[in-house]
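In case it helps, this note's numbering puts the sequence shown at residues 455 to 696.
The C-beta atom is built at its ideal place from N, Cα and C for all residues, glycine as well.
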Amino acid sequence: MILMTGATGTLGKPLLSRLLGSGEQVRCLVREPRRLGPNRVQVQIALGNLADRTGFDRALRGVDTVIHLAATTRDQQRGTIEEMNGLATLRLLNAAKRAGVKRFVYVSSFNASKSSPSRFIRMQALSSEAIRKSELESVIFEAGVIYAPDDPWIKLMSELAKLPLMPVIGSGKAAFQPIWAEDAADAITATLLQGIATPGAPIALAGPETLTQDQILRIVMRHFGAQKPLLQNRYWWGGSAF
Numbered sequence: 455m456i457l458m459t460g461a462t463g464t465l466g467k468p469l470l471s472r473l474l475g476s477g478e479q480v481r482c483l484v485r486e487p488r489r490l491g492p493n494r495v496q497v498q499i500a501l502g503n504l505a506d507r508t509g510f511d512r513a514l515r516g517v518d519t520v521i522h523l524a525a526t527t528r529d530q531q532r533g534t535i536e537e538m539n540g541l542a543t544l545r546l547l548n549a550a551k552r553a554g555v556k557r558f559v560y561v562s563s564f565n566a567s568k569s570s571p572s573r574f575i576r577m578q579a580l581s582s583e584a585i586r587k588s589e590l591e592s593v594i595f596e597a598g599v600i601y602a603p604d605d606p607w608i609k610l611m612s613e614l615a616k617l618p619l620m621p622v623i624g625s626g627k628a629a630f631q632p633i634w635a636e637d638a639a640d641a642i643t644a645t646l647l648q649g650i651a652t653p654g655a656p657i658a659l660a661g662p663e664t665l666t667q668d669q670i671l672r673i674v675m676r677h678f679g680a681q682k683p684l685l686q687n688r689y690w691w692g693g694s695a696f
């Protein structure tokens, strides 16, 4: 039995479909089962969220693998980035140990560092370290940009493309290897079901092409029929990540 968090997210949706298509038994920790779409009739439902300190033990009964994808990039009423990402991951990890889970799967960012200026990235680095140091078999994937047509980032870009200027985080020269969510899901499924992972060693999820942030934004703007000047800004819009 697999327990999956973040099953309604950009990566979670295609990954869940592949796991079910492979005949895996999956239990999803979700707040709103309806967001699972047609898959909700094929999975076990565990009602809960990252802020629920008591629901993990119940959700982990009979589970041998945890796939932890759920995360938030901004503070919420239910908790801060540190609480929802860092502390929640630690609680889930500890609950997994108590439940006798064998394998813990996590998706982080490339070169996540505890000294990063981004609170979100710092929590990923701390979470990855805790998972690697646990006695569970750890499978950690590292990704840059995972995208899909309906993902929140693309939707945000569609709105920002309406502005006179397109805001850019930092210099715009940071390089990425964007990967389509469907391809990332294929890679994770093959790794988990075919046993090709080296426990503890991070596995890269990256597309074939290297693009700067400026190039990615220009491609997105072209898709939405908008060509606007780029405005570099060293702060994350909304102030949620710093």
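Minimum C-alpha distance to residue 538 - residue among 548, 547, 527:
What you label residue 538 is simply residue 84 of the sequence shown in a count that begins at 1. Comparing Cα positions, the closest option is 527.
Among residues of its own chain, excluding the 5 on either side of residue 658, which ones have a beta-carbon nearer than 6 Å to its beta-carbon?
Along the sequence shown, read from residue 1 onward, the residue named residue 658 stands at position 204. Around residue 658: 596.
Three-state secondary structure (DSSP) at residue 679?
Translated into positions along the sequence shown, residue 679 becomes position 225. Note: residue 679 maps to coil in three-state DSSP.
Separation of residue 683 from residue 524, as counted between CA atoms
Translated into positions along the sequence shown, residue 524 becomes position 70. Translated into positions along the sequence shown, residue 683 becomes position 229. Using only the alpha carbons, I get a separation of about 34 Å.
Report yes if the C-beta distance between residue 555 and residue 580 is below 8 Å; otherwise report no.
Working through the sequence shown from its first residue, we reach residue 555 at position 101. Working through the sequence shown from its first residue, we reach residue 580 at position 126. Taking 8 Å as the cut-off, the beta carbon of residue 555 is found no closer than this to the beta carbon of residue 580.
Status (buried if at least 16 other CB within 10 Å, exposed otherwise) for residue 488:
Taking the sequence shown and counting its residues from 1, one reaches residue 488 at position 34. Residue 488 is exposed by the Cβ-count criterion.
Within the same chain, show all residues whose beta-carbon is closer than 7 Å to that of residue 647, passing over the 5 residues directly before and after it, in chain order.
Reading the sequence shown from its first residue, position 193 is the one you call residue 647. 476.
What span of residues does the alpha helix (DSSP H) with residue 606 cover, start to end?
In the sequence shown, the residue the question calls residue 606 occupies position 152. Residues 606-614.
Using the three-state DSSP reduction, which class does residue 476 fall into: helix, strand or coil?
Along the sequence shown, read from residue 1 onward, the residue named residue 476 stands at position 22. If DSSP states are grouped into helix, strand and coil, residue 476 belongs with coil.
So residue 568 and residue 576 are in contact, right, with Cβ under 8 Å, and what is the actual spacing, rounded?
For the purposes of this step, residue 568 is identified with residue 114 of the sequence shown, where counting begins at 1. For the purposes of this step, residue 576 is identified with residue 122 of the sequence shown, where counting begins at 1. So it is a contact: roughly 6 Å between Cβ atoms.
Would the C-beta of residue 600 count as close to the ligand FMN, meaning under 7 Å from any of its heavy atoms?
The ligand FMN is not part of the structure shown, which contains no ligands of any sort.
Using only the alpha-carbon positions, how far apart do residue 641 and residue 469 sit?
Here residue 641 refers to the residue found at position 187 when the sequence shown is read from its first residue. Here residue 469 refers to the residue found at position 15 when the sequence shown is read from its first residue. About 9 Å.
Pull up the distance between the alpha-carbon of residue 522 and that of residue 509, whole angstroms please.
As a working note, residue 522 is residue 68 in the sequence shown. As a working note, residue 509 is residue 55 in the sequence shown. Roughly 15 Å between the two C-alpha positions.
Mind checking who residue 584 pairs with in its DSSP beta bridge?
Stepping through the sequence shown from its first residue, residue 584 is reached at position 130. Per DSSP, none; premise fails for residue 584.
Sufficient close CB pairs (3 or more, under 8 Å) joining the stretch 592-608 to the stretch 543-553
Below 8 Å, too few C-beta pairs join the stretch 592-608 and the stretch 543-553 to call them touching: fewer than three.
Identified DSSP bridge partners for residue 456:
Counted from its first residue, the sequence shown places residue 456 at position 2. 480, 519.
Are the CB atoms of residue 600 and residue 635 within a distance shorter than 8 Å?
As a working note, residue 635 is residue 181 in the sequence shown. As a working note, residue 600 is residue 146 in the sequence shown. For the pair residue 635 and residue 600, the CB atoms are nearer than the 8 Å cut-off.
In this structure, what does DSSP give as the bridge partners for residue 530?
Against the sequence shown, residue 530 aligns to sequence position 76. In the DSSP output, where bridge partners are listed per residue, residue 530 has 533.
Quick one: residues in its chain with C-beta nearer than 6 Å to the C-beta of residue 497, no 5 flanking neighbours on either side, listed in chain order?
Here residue 497 refers to the residue found at position 43 when the sequence shown is read from its first residue. The answer, listed in chain order, is 480, 482.
Are the beta-carbon atoms of residue 666 and residue 628 separated by less than 8 Å?
Translated into positions along the sequence shown, residue 666 becomes position 212. Translated into positions along the sequence shown, residue 628 becomes position 174. Judged by beta-carbon spacing, residue 628 lies within the 8 Å limit of residue 666, meaning their Cβ atoms are closer than that value.
In this structure, how does DSSP classify residue 665 when only helix, strand and coil are distinguished?
Position 211 of the sequence shown, counted from the first residue, corresponds to residue 665. It is a strand residue.
Once you ignore the five residues that flank residue 674 on each side, which residues in its own chain have a CB closer than 6 Å to its CB?
Here residue 674 is taken as the residue at index 220 of the sequence shown, counted from 1. Correct list, in chain order: 611.
Residue 495: buried (16+ other C-beta within 10 angstroms of its C-beta) or exposed?
Taking the sequence shown and counting its residues from 1, the one referred to as residue 495 is at position 41. Looking at its Cβ environment, which holds fewer than 16 other Cβ atoms inside 10 Å, residue 495 is exposed.
With the cut-off set at 8 Å, would you say residue 484 and residue 457 are in Cβ contact?
Here residue 484 refers to the residue found at position 30 when the sequence shown is read from its first residue. Here residue 457 refers to the residue found at position 3 when the sequence shown is read from its first residue. Going by C-beta atoms, residue 484 is not nearer than 8 Å to residue 457.
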